[in-house]
């Protein structure tokens, strides 16, 4: 079994930090372009046009898209046969080093501080920062590094709903979140809205967050009834008369992604997340032979990740 | 689309400010400093001496932490700059405005018309909002030079007082005027009047388990 070289993982991670901060992913850009084309509110049209110019300026100058460069974090996915030179703790060190170096190098804004003492190491590292989360796939010797620099303040909410709240209750909490964070443009919309339904409380937040940052514009949940809800929620969100910066307009939601997890029989926990106008995500797949392939689709929610059965049996799952 | 574009000094005359109308697009020239909770607490609560001549050098307070670094040789690199939400600073702004003579508060999302009427207007000040948010790269292009960084050791890079020389830095949108009117409240009122919000909510129902301290009035500004 060949190990993937640590130096290659670290240098790739640094490149990803840079790409995430500077280059708007094509799927989001296409979505925003479409929004700009059909927007008829004067002020919100002006805003969308300025954003499109801003993406160009960022790429031309190789400078960050937004002054608030978010809170960098990592999602790592490993094929079952992947091995890291030095082991997984060495990989965590490498990701922390890449985060610190890129914060100074790009430069990014050193956003991470201690919650109480407000200590700032000026490098986006600290207790629990950056977050590094892991997942696995049944086959392969590759390692996917995914970095996401999501904004940290507005656009996210959680609520414990119950089965009697039903779809109408879900809609209401969704609209409430858009209204509360859409006013004055606090959510930096139009955004990729991620909704987490189910799971336990913490996992409900995680599902919604991942739905917004790890799925692309144009993607669909494989459950056709959930996919229908995604489309319905997108148009519902765009029907409230609000657009960019909370100005009169019709573009709040570039995409609505819903992810579900099994929850307590008495509950229906729900979370809503907004991934902003600078949807910073970058992905690379690294093989032990030194190949590196960059992309912008994390491809996180695979059939394996959404499996329902006790054991992974791809043929049975596919037939269901 | 009829958007007026205006070049404005960061030490603007009273006449220049009186000219501005809600929704005008502004580009700034001159010195601007960043100040947010860190600077306000240090200057107002800890009574530290403000390390600039205000408002002679600058009457423009940017609610911003830049994506920037201080190089080993003491020079600066500033990539992108955008604003952070201003409503959280209402606690310090009246005293800050009095002390600093700020005429332009530049930030994200504006304040309430109550804030504007009670201390912006009496001080001859208005609010400029960044666009987007945020056009960090475009605003970064408007940074001619970083003149200084104050209180970096005490507050860290994100909360430090950055002094920026702006050259046609923008776009910004005029979000309050000398009547104390608020662009965002005007837009919110238009959205509320359109009936679209009620239509979207039609058929939905309040959660079975209530939460304390919330507003159920969708015309509420919630800030």
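Chains as they are written, first to last, in my numbering: chain U, 1 to 320; chain S, 321 to 543. Ideal placement from N, C-alpha and C gives every residue a C-beta, glycine not left out. Quantities reported herein were computed from a predicted structural model and do not represent experimental measurements.
Item                                                                                                                                                                                      : Value
Please identify the residue among S:358, S:541 and S:543 whose C-alpha is closest to the C-alpha of residue 471 of chain S.                                                               : S:358
State the DSSP-derived secondary structure class of residue 262 of chain U, mapped to helix, strand or coil.                                                                              : coil
Per the contact definition of three or more C-beta pairs closer than 8 Å, is the stretch 135-146 of chain U in contact with the stretch 287-302 of chain U?                               : yes
Alpha helix (DSSP H) containing residue 126 of chain U: first to last residue?                                                                                                            : First-last for residue 126 of chain U: undefined, no H or E at that position.
By how many angstroms is the C-alpha of residue 95 of chain U removed from the C-alpha of residue 312 of chain U?                                                                         : 30 Å
Using 8 Å as the limit for Cβ to Cβ distance, is residue 397 of chain S near chain U?                                                                                                     : yes
Check for me: the alpha helix (DSSP H) holding residue 160 of chain U runs from which residue to which?                                                                                   : Run containing residue 160 of chain U: none in the alpha helix (DSSP H); it sits in the beta strand (DSSP E), 157-161.
Could you check what DSSP says for residue 321 of chain U in three-state terms: helix, strand or coil?                                                                                    : With chain U covering 1 to 320 only, the question about residue 321 of chain U has no answer from this structure.
Using CA coordinates, which residue listed in U:66, U:128 and U:110 is at the minimum distance from residue 120 of chain U?                                                               : U:110
With a threshold of 8 Å, are at least 3 pairs of Cβ atoms found where one atom belongs to the stretch 122-132 of chain U and the other to the stretch 168-181 of chain U?                 : no
Can you list, in chain order, the residues of its chain with a C-beta nearer than 7 Å to that of residue 410 of chain S? Leave out the 5 residues immediately preceding and following it. : 431 and 435
Below 8 Å between beta carbons is the criterion; list the residues of the stretch 177-203 of chain U that meet it against any residue of chain S, in chain order.                         : 179, 180, 183, 184, 185, 186 and 188
List the endpoints of the continuous alpha helix (DSSP H) containing residue 235 of chain U.                                                                                              : 224-237
State the Cα-Cα distance for the pair residue 473 of chain S and residue 180 of chain U, rounded to the nearest angstrom.                                                                 : 36 Å
Going by DSSP, which residues form a beta bridge with residue 248 of chain U?                                                                                                             : U:242
Buried or exposed: residue 4 of chain U, going by 16 or more other Cβ atoms within 10 Å of its Cβ?                                                                                        : buried
By Cβ distance below 7 Å, which residues in the same chain neighbour residue 137 of chain U in space, the five residues on each side in sequence not counted?                             : 77, 79, 80, 302 and 304
Buried or exposed for residue 117 of chain U, please, with buried defined as at least 16 other CB atoms from any protein chain shown within 10 angstroms of its CB.                       : exposed
Have a look at the DSSP bridge pairing and note the partners of residue 326 of chain S.                                                                                                   : S:346
Output yes if chain U places a C-beta closer than 8 Å to the C-beta of residue 492 of chain S; else output no.                                                                            : no
Output, in chain order, the set of chain U residues within a Cβ distance shorter than 9 Å of residue 504 of chain S.                                                                      : 183, 184, 185, 245, 246 and 247
What residues in the stretch 16-32 of chain U have a beta carbon less than 9 Å from any beta carbon of chain S?                                                                           : 21 and 22
For the alpha helix (DSSP H) that residue 414 of chain S lies in, which residues bound it at each end?                                                                                    : 413-420
Taking 8 Å as the threshold, find out whether the stretch 37-53 of chain U comes into contact with the stretch 244-257 of chain U through three or more Cβ pairs.                         : yes
Classify residue 134 of chain U as buried or exposed, calling it buried when 16 or more other Cβ atoms lie within 10 Å of its own Cβ.                                                     : exposed
Which residue wins for smallest C-alpha separation from residue 508 of chain S, given the options S:352, S:440, S:427 and S:540?                                                          : S:540
Give the C-beta separation of residue 238 of chain U and residue 251 of chain U to the nearest angstrom, bearing in mind that I take them to be a contact with Cβ-Cβ under 8 Å.           : 6 Å
Looking at the C-beta of residue 524 of chain S, does it have a partner C-beta in chain U at a distance below 8 Å?                                                                        : yes
Give the DSSP-derived three-state secondary structure of residue 372 of chain S in the structure shown.                                                                                   : coil
My output table needs one value for residue 490 of chain S: the three-state DSSP class, helix, strand or coil.                                                                            : strand
Do residue 457 of chain S and residue 54 of chain U have their beta-carbon atoms positioned less than 8 Å apart in this structure?                                                        : yes
Three or more C-beta pairs under 8 Å: does that hold for the stretch 510-530 of chain S against the stretch 357-374 of chain S?                                                           : no
Nearest chain S C-beta to residue 66 of chain U closer than 8 Å, yes or no?                                                                                                               : yes
Can you pull the chain U neighbours of residue 519 of chain S, defined as C-beta to C-beta under 8 Å?                                                                                     : 239
Rounded to a whole number of angstroms, what is the C-alpha to C-alpha distance between residue 84 of chain U and residue 148 of chain U?                                                 : 22 Å
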